[in-house]
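Taking it in order: structure first as structure tokens, then the write-up.
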Amino acid sequence: MRIINRTPSRRTAFLLGFLPFAATVLVYAVASHYRRLDNPADKLLPSLDSMAAAFWRMATVPDRRSGDLLLWVDTVDSLWRLGMGMTVSTTLALVLGIAIGFIPHIRSALAPYLATFSLIPPITILPILFITFGLGEASKIALIVVGTAPVMIRATAQAVLDIPREMIIKAETLGASVWQMVTRLVLPQILPRLITALRLGLVPAWIFLISAEAIASTTGLGYRIFLVRRYLAMDIILPYVVWITLLAFVLDRLLLLLSRRAFRWHHLEGEAL
Amino acid sequence: MTSAGTPRVAVKNLSKSYGEAPILERVNLDIDAGCFCTIVGASGCGKSTFLRMLLSQERPTQGDILLDGQSLPDEPTPDRGIVFQKYSVFPHLTVWENLILARELEQASLTGRLFGRARKSARESIDGLLDRIGLKAAADRYPAQLSGGMQQRLAIAQALSKQPQVLLLDEPFGALDPGIRVDMHDLLLSLWHEENMTIFMVTHDIHEAFKLGTRLLVFDKIRHDPQAPEAYGATVTYDLPLSHDKTGGPELPGDVIEILRTAP
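Dropping the structure here:
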């Protein structure tokens, strides 16, 4: 049978998916081992043991100066900023996306502006945000919003435009008002696409969060890895990177699960990644 | 009911062009209430455009369409129901939710949604209809879980939920198997007899057009410029009354057969 027609069983699929992860850890362990044979005090590729120990210390031993469990303080602060930013972005995407996608006059007024605005590299706005909002939480959340909202609004507006015209006409012949079409037709149809936009928006959101924290912050996952960089503390940086990745992965899967549970009709037609 | 003498639908000197290209020209028709009008013609002859104008989805370039003596509204309204070839039902609603939607929109102007007892009674009210269209067992399924024929039965039933005076069908059975089509024809004819509505149906299938219609309209170009095939639009070239109690096939002018043979 041709290779395109062979599909792996569930178990094989799981093992195949696991393989690249195991290979990465293995390659790292071997490389680290040989570096430390040359120089036992090597900081560049610390052993898996020492990374686990450092991570455990961050998670369970209170910091000497502040008395905080740093990992959890960093995680909570970062997730709060991320959550606030994405809440604002999602709300904007929903309201403006539907307005732009559904009402031609609003589309004419806002679509070119939005297309232009979304091309501003968000990180160039960061100094402006720091100057206007100060160095506190507001400027970090604002950066996430500036970085993710334009694309999410455009994706949502496109989702509205992608609703077949036939359905909107059918709704009109069933006597629906514009508001009713929004609540009964447009909103339910785009919510799964909004979740997709949110999942894709989370990728740049993490970048902007870490960047903002690296530049001006006193807590947060991004702040921490840039702080310990000064001591070449790879045994903290590497587990933090893995931790951030894990958080991002779990968030993504939770959103996918939500979409599958809440919008079963949307997932009947094809498999989504 | 319309007053005697006023046709349900009157088409007056209708023309439609997209930019420079004329699609339809000089279409004049009077359609009486209760007529089942089937529309055939080659691809690109404007029959679907004609239907979209009857629906107010598009505006005529010239001329006018009157419904009961009044000009058509500028946008689709509940007095004209529509069934498209696809995308006619709402994929995010189950079968029964699709069928009660019109009632929900009417009774709950703000949310467009009924709750509790009102929702339950709406569901009970469509019980007979579900039986009628053979979807009782599938009432809780989403359209993506239905066959093509079931989807179109649902679409027709949904289009009738506002009891439109005029029902427009744009190749509703074009994607269905021949065996399924026969069932659909029976359903459609019995609904037409009951509801006493006027039907316009665009189809590619000439047998379907003869079997269902009481009046057959053939759209074709009558003027041809070989140097510029797009120079002229189509119009109604044959307007044949059909009667349903005949036994054999009807007499057809040879060139109508020719037109229809070239249709895909």
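Residue numbers (our numbering), protein chains in the order written: chain C, 1 to 273; chain S, 1001 to 1264.
Built from N, CA and C at the ideal position, the CB exists for glycine as well.
Computed from a predicted structure; not experimentally measured.
Taking Cβ positions, are residue i and residue j nearer each other than 9 Å?
{"i": "D1079 (chain S)", "j": "V1009 (chain S)", "result": "no"}
{"i": "G222 (chain C)", "j": "M86 (chain C)", "result": "no"}
{"i": "A1234 (chain S)", "j": "E1058 (chain S)", "result": "no"}
{"i": "I278 (chain C)", "j": "F263 (chain C)", "result": "Any question about residue 278 (chain C) goes unanswered here, given that chain C covers just 1 to 273."}
{"i": "D1239 (chain S)", "j": "L1029 (chain S)", "result": "yes"}
{"i": "G97 (chain C)", "j": "A157 (chain C)", "result": "yes"}
{"i": "A1139 (chain S)", "j": "L1130 (chain S)", "result": "yes"}
{"i": "G1081 (chain S)", "j": "P1178 (chain S)", "result": "no"}
{"i": "R36 (chain C)", "j": "L45 (chain C)", "result": "yes"}
{"i": "L255 (chain C)", "j": "L191 (chain C)", "result": "no"}
Quick one: what's got a C-beta closer than 6 Å to residue i's C-beta in the same chain, skipping five residues either side?
{"i": "P1241 (chain S)", "result": "R1215"}
{"i": "K1016 (chain S)", "result": "I1023, L1024, T1049, P1060, T1061"}
{"i": "D1205 (chain S)", "result": "none"}
{"i": "L126 (chain C)", "result": "L143"}
{"i": "G1152 (chain S)", "result": "The question names Gly, but residue 1152 (chain S) in the sequence shown is Gln. Correct list, in chain order: P1172."}
{"i": "G1005 (chain S)", "result": "none"}
{"i": "K1162 (chain S)", "result": "P1078, A1102"}
For a test of the three-state rule: what should DSSP assign to residue i, helix, strand or coil?
{"i": "P204 (chain C)", "result": "helix"}
{"i": "E269 (chain C)", "result": "coil"}
{"i": "I125 (chain C)", "result": "helix"}
{"i": "S1017 (chain S)", "result": "strand"}
{"i": "M1201 (chain S)", "result": "strand"}
{"i": "A176 (chain C)", "result": "coil"}
{"i": "R1117 (chain S)", "result": "helix"}
{"i": "I1065 (chain S)", "result": "strand"}
{"i": "F102 (chain C)", "result": "helix"}
{"i": "R261 (chain C)", "result": "helix"}
{"i": "A233 (chain C)", "result": "coil"}
{"i": "I1222 (chain S)", "result": "coil"}
{"i": "E1171 (chain S)", "result": "coil"}
{"i": "F21 (chain C)", "result": "helix"}
{"i": "G1128 (chain S)", "result": "helix"}
{"i": "Y113 (chain C)", "result": "helix"}
{"i": "T1237 (chain S)", "result": "strand"}
Considering only heavy atoms of the ligand MN, does any lie closer than 8 Å to the CB of residue i?
{"i": "L92 (chain C)", "result": "Summarising the ligand content, the structure contains no ligands, and the ligand MN is consequently not present."}
Taking just the CA atoms, how far does residue j sit from residue i?
{"i": "K1047 (chain S)", "j": "G1069 (chain S)", "result": "23 Å"}
{"i": "I123 (chain C)", "j": "K140 (chain C)", "result": "11 Å"}
{"i": "G1149 (chain S)", "j": "F133 (chain C)", "result": "60 Å"}
{"i": "A13 (chain C)", "j": "A23 (chain C)", "result": "16 Å"}
{"i": "P40 (chain C)", "j": "M58 (chain C)", "result": "23 Å"}
{"i": "W265 (chain C)", "j": "Y1142 (chain S)", "result": "6 Å"}
{"i": "G17 (chain C)", "j": "T7 (chain C)", "result": "13 Å"}
{"i": "S1056 (chain S)", "j": "I168 (chain C)", "result": "13 Å"}
{"i": "E166 (chain C)", "j": "P112 (chain C)", "result": "26 Å"}
{"i": "S9 (chain C)", "j": "D252 (chain C)", "result": "24 Å"}
{"i": "P188 (chain C)", "j": "H1092 (chain S)", "result": "7 Å"}
{"i": "L114 (chain C)", "j": "F21 (chain C)", "result": "40 Å"}
{"i": "F130 (chain C)", "j": "P150 (chain C)", "result": "20 Å"}
{"i": "L1051 (chain S)", "j": "V1027 (chain S)", "result": "13 Å"}
{"i": "D110 (chain C)", "j": "A99 (chain C)", "result": "In the sequence as displayed, the identity of residue 110 (chain C) is Leu instead of Asp. Taking the straight line from one Cα to the other gives about 9 Å."}
{"i": "H1224 (chain S)", "j": "L1014 (chain S)", "result": "19 Å"}
Leaving aside the five residues before and after residue i along the sequence, list all residues of the same chain whose C-beta is less than 8 Å from its C-beta, in chain order.
{"i": "Q1158 (chain S)", "result": "S1088, V1089, N1098, L1099, L1101, A1102"}
{"i": "T75 (chain C)", "result": "L221, W243, L247"}
{"i": "G1134 (chain S)", "result": "M1150, R1153"}
Apart from the five residues just before and just after residue i, which ones in its own chain have a Cβ nearer than 7 Å to its Cβ?
{"i": "P204 (chain C)", "result": "G147, T148"}
Whether or not the segment 1171–1178 of chain S and the segment 180–194 of chain C are in contact is what I'm after, with contact meaning three or more pairs of Cβ atoms, one per stretch, closer than 8 Å; do they touch? Three or more beta-carbon pairs separated by less than 8 Å are not found between the segment 180–194 of chain C and the segment 1171–1178 of chain S, which leaves the two stretches without contact.
Three Cβ pairs or more, each shorter than 8 Å: is that satisfied between the segment 236–256 of chain C and the segment 54–70 of chain C? Yes: at least three Cβ pairs fall under 8 Å.
Mind the definition here: the segment 1029–1041 of chain S touches the segment 1204–1220 of chain S only if three or more C-beta pairs lie below 8 Å; say whether that holds. With three or more CB-CB distances shorter than 8 Å, the segment 1029–1041 of chain S counts as touching the segment 1204–1220 of chain S.
At a cut of 8 Å, does the segment 167–176 of chain C reach the segment 203–216 of chain C through at least three beta carbon pairs? Segments in contact, no.
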